[in-house]
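In my numbering, the protein residues as written are 211 to 523.
Here a beta-carbon is modelled for each residue, glycine too, at the ideal position from N, C-alpha and C.
To start, the structure itself, in structure tokens.
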Amino acid sequence: MGGTVNMAITNVSVVVEFILLGFGDLPNYQGILFSIFLLIYVSILVGNGLIIVITKVDPTLQTPMYFFLRHFSFLEICYTSVTLPRMFKNLLTQKRNISFLECATQLCFFLIWGGTECFLLAVMAYDRYMAICNPLNYPLIMNQKTCVCLVVGSWVSAIPIPIGQTYQIFSLPFCGSNYLNHVFCDIPPLLNLACGDTTVNELYSRAGAFLSAIVPFLMILVSYVQIIVTIQKLPSAIGRKKAFSTCSSHLMVVSLFFGSGIISYFLPNSVKSAGIDKVLSLIYSTVTPMFNPLIYSLRNKDVITALKKFLPK
């Protein structure tokens, strides 16, 4: 028994860092990829930053929907800042090594921000449900105190599971290759590098993803079923169109984020390749945060009006 423990400890100490392969198989395109991702990151910072500012300063946007959107935009900046700056370093310097501790820290914060985003999207769906299905009591129920509690609850609820997932994964023995075939530290590629049987760890990972992602997703589905039923009962076609337009942007974001994330985490490794896994992870970690400001602004007359008033200043 003691010998087994000692061997496990020895094996864990073998790997002191990982090599993030990223786009190493495209050596002639490193500069182009760096420019593309830098442009994406700048657009994320500027787009979400503008959403934060205008929903804070414009008097017409002081409603629960834009309060949640402001926090969601701030979360998107945090979410992408966990992975993209490190990706820039790898593309620019070609030094792809990342220490054990740095990898664990990146994974933990990536999971926390991702989980918070799932819960916050569920909160935003609940807000739309209350606004459309219970409009008379909406101002009373969705008051400032309730909104703050829902946002704080989204952040706090997303912390315990990622910490447990990160601890369990980095307690595994990594005694073989340290080449991580991914663009950042994520659960599926890390499990592929672990020694021995990782079945229990994969089950725990899926259970954590279920609680952090599937449960909020189901809450969103339930909310929108109720919303659609209510909209169909509205007597006016104009009223139905207006009610649905307030939800369409949120639905687009939910489809992009949850669609790619669920496929990446729940599709068996035997079905998906490392290339597909990279593409999916880039969609939910990079592409979706880039499109969010466009989706919410181009499809929202109030946001467009606020932008026109703000930008000349």
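Q: Closer than 7 angstroms by C-beta to D512: which residues in its own chain qualify, once you throw out the five before and the five after it? Chain order, please.
A: Taking the first residue of the sequence shown as position 1, residue 512 is located at position 302. Only T270 and L271 meet the Cβ criterion.
Q | Closest Cα partner of L311 within the set L431, C395 and M340 | A | Here residue 311 corresponds to residue number 101 of the sequence shown, with the count starting at 1. Looking at the Cα atoms, C395 is the closest of the given residues.
Q: Return the CA-CA distance between A314 and F228, expressed in angstroms with no decimal places.
A: Taking the sequence shown and counting its residues from 1, the one referred to as residue 314 is at position 104. Taking the sequence shown and counting its residues from 1, the one referred to as residue 228 is at position 18. Using only the alpha carbons, I get a separation of about 11 angstroms.
Q. Out of curiosity, what's the CA-to-CA distance linking Y377 and V267?
A. For this step, residue 377 is matched to residue 167 along the sequence shown. For this step, residue 267 is matched to residue 57 along the sequence shown. For Y377 and V267, the distance between alpha carbons rounds to 41 angstroms.
**Q.** Beta-carbon spacing of L401, S381 below 8 angstroms
**A.** Mapped onto the sequence shown, residue 401 falls at position 191. Mapped onto the sequence shown, residue 381 falls at position 171. Result no, Cβ atoms of L401 and S381 do not sit closer than 8 angstroms.
Q.
Would you call the region 457-472 in contact with the region 329-344, where contact means no fewer than 3 C-beta pairs closer than 8 angstroms?
A. yes
Q. Given that a residue counts as buried once 16 or more other Cβ atoms are within 10 Å of its Cβ, and exposed if not, what is P349?
A. For the purposes of this step, residue 349 is taken as the residue at position 139 of the sequence shown. Classification of P349: exposed, given that the 10 Å Cβ count is below 16.
Q: Quick one: give me the first and last residue of the beta strand (DSSP E) that I371 is part of.
A: Looking up residue 371 in the sequence shown gives position 161. No beta strand (DSSP E) holds I371; the alpha helix (DSSP H) holding it covers P370 to I379.
Q. So who's on the other strand from E227, going by DSSP bridges?
A. Within the sequence shown, residue 227 is the residue found at index 17, counting from 1. Note: E227 sits in a beta bridge opposite S309.
(Q) Please report the straight-line C-alpha distance between A529 and S422, rounded to a whole angstrom. (A) Residue 529 is absent from the model: the chain starts at 211 and stops at 523.
(Q) Comparing C-alpha positions only, which one of P503, I486 and P370 sits nearest to S459? (A) Translated into positions along the sequence shown, residue 459 becomes position 249. The residue with the shortest Cα to Cα distance from S459 is P503.
(Q) Using 8 angstroms as the threshold, is the C-beta distance between L236 and L230 below it? (A) Walking along the sequence shown from the start, residue 236 turns up at place 26. Walking along the sequence shown from the start, residue 230 turns up at place 20. Contact: no.
**Q.** Inter-stretch contact (C-beta, 8 angstroms, three-pair minimum) for the region 247-258 and the region 285-294
**A.** yes
Q | Helix, strand or coil at A218 [DSSP, three-state] | A | Along the sequence shown, read from residue 1 onward, the residue named residue 218 stands at position 8. Below a pLDDT of 50, predicted positions are generally treated as unreliable, and A218, at 39, falls in that range; the measurement from the model is reported next regardless. Helix at A218.
Q: Could you tell me if L521 is buried or exposed, where buried requires 16 or more neighbouring beta carbons within 10 angstroms of its beta carbon?
A: Working through the sequence shown from its first residue, we reach residue 521 at position 311. The residue in question, L521, is exposed, as its Cβ has fewer than 16 Cβ neighbours within 10 Å.
Q | Local conformation of L444 per DSSP, three classes | A | In the sequence shown, residue 444 corresponds to position 234, counting from 1. If DSSP states are grouped into helix, strand and coil, L444 belongs with coil.
Q) In whole angstroms, what is the alpha-carbon distance linking F298 and P398? A) Locating residue 298 in the sequence shown gives position 88, where the first residue counts as 1. Locating residue 398 in the sequence shown gives position 188, where the first residue counts as 1. Between F298 and P398, the C-alpha separation is close to 22 angstroms.
Q: Out of I472, L279 and G386, state which residue places its alpha-carbon closest to the alpha-carbon of A335.
A: One-based indexing of the sequence shown puts residue 335 at position 125. Comparing Cα positions, the closest option is L279.
**Q.** Cβ shell of N347 (< 6 angstroms), same chain only, five flanking positions each side left out
**A.** Reading the sequence shown from its first residue, position 137 is the one you call residue 347. Result list for N347: empty, nothing under 6 angstroms.
Q: Go ahead and pull the three-state DSSP assignment for L390.
A: Taking the first residue of the sequence shown as 1, we reach residue 390 at position 180. Looking at L390 - three-state DSSP - the assignment turns out to be strand.
Q. Based on Cα-Cα distance, which residue from A341, K305 and I369 lies nearest to L321?
A. Residue numbering aside, residue 321 sits at position 111 when the sequence shown is read from its first letter. Among A341, K305 and I369, the Cα nearest to that of L321 belongs to I369.
Q.
I'd like to check one pair, D337 with P274: are the Cβ atoms closer than 8 angstroms?
A. For the purposes of this step, residue 274 is identified with residue 64 of the sequence shown, where counting begins at 1. For the purposes of this step, residue 337 is identified with residue 127 of the sequence shown, where counting begins at 1. Against a cut-off of 8 angstroms, the Cβ pair of D337 and P274 comes out as a contact.
Q. So, P372 versus C318, is the Cβ gap smaller than 8 angstroms?
A. Residue 372 sits at position 162 when you count from the first residue of the sequence shown. Residue 318 sits at position 108 when you count from the first residue of the sequence shown. Cβ atoms of P372 and C318: closer than 8 angstroms.
**Q.** Start and end residues, alpha helix (DSSP H) containing A516
**A.** Stepping through the sequence shown from its first residue, residue 516 is reached at position 306. Unbroken alpha helix (DSSP H) run through A516: K511 to F520.
(Q) Helix, strand or coil for P399? Go by DSSP, reduced to three states. (A) For the purposes of this step, residue 399 is identified with residue 189 of the sequence shown, where counting begins at 1. Correct three-state label for P399: helix.
(Q) Among the candidates V497, V439 and A341, whose CA atom is the shortest distance from the CA of M462? (A) Within the sequence shown, the letter at position 252 stands for residue 462. Here the closest residue by C-alpha is V497.
Q) Based on Cα-Cα distance, which residue from V410, G232, R450 and D487 lies nearest to L302? A) The count along the sequence shown starts at 1 and reaches residue 302 at position 92. Looking at the Cα atoms, G232 is the closest of the given residues.
(Q) What would DSSP say about L504, mapped onto helix, strand or coil? (A) Looking up residue 504 in the sequence shown gives position 294. Of the three classes helix, strand and coil, the one that applies to L504 here is helix, per DSSP.
Q: Hey, could you find the ends of the alpha helix (DSSP H) L421 is sitting in?
A: For the purposes of this step, residue 421 is taken as residue 211 along the sequence shown, with counting starting at 1. First-last for L421: undefined, no H or E at that position.
Q: Output the distance between the C-alpha atoms of Y352 and N238, rounded to the nearest integer angstrom.
A: Here residue 352 refers to the residue found at position 142 of the sequence shown. Here residue 238 refers to the residue found at position 28 of the sequence shown. With the sequence shown as reference, residue 352 is identified as Met, and Tyr is not the correct amino acid for it. Whole-angstrom Cα-Cα distance: 53 angstroms.
Q) Apart from the five residues just before and just after R450, which ones in its own chain have a Cβ nearer than 8 angstroms to its Cβ? A) Counting from one through the sequence shown, the residue named residue 450 turns up at place 240. Excluding sequence neighbours, R450 sits near I441, Q442 and L444.
Q.
I need the straight-line Cα distance from S283 to N258, nearest angstrom please.
A. Counting from one through the sequence shown, the residue named residue 283 turns up at place 73. Counting from one through the sequence shown, the residue named residue 258 turns up at place 48. One C-alpha to the other measures close to 5 angstroms.
(Q) Taking the alpha carbon of K254 as the reference point, which residue from Y506, Q304 and M500 has its own alpha carbon closest? (A) Start at 1 with the first residue of the sequence shown, and residue 254 comes out as number 44. The sequence shown places Ile at residue 254, not Lys. Of the listed residues, the one whose Cα sits closest to I254 is M500.
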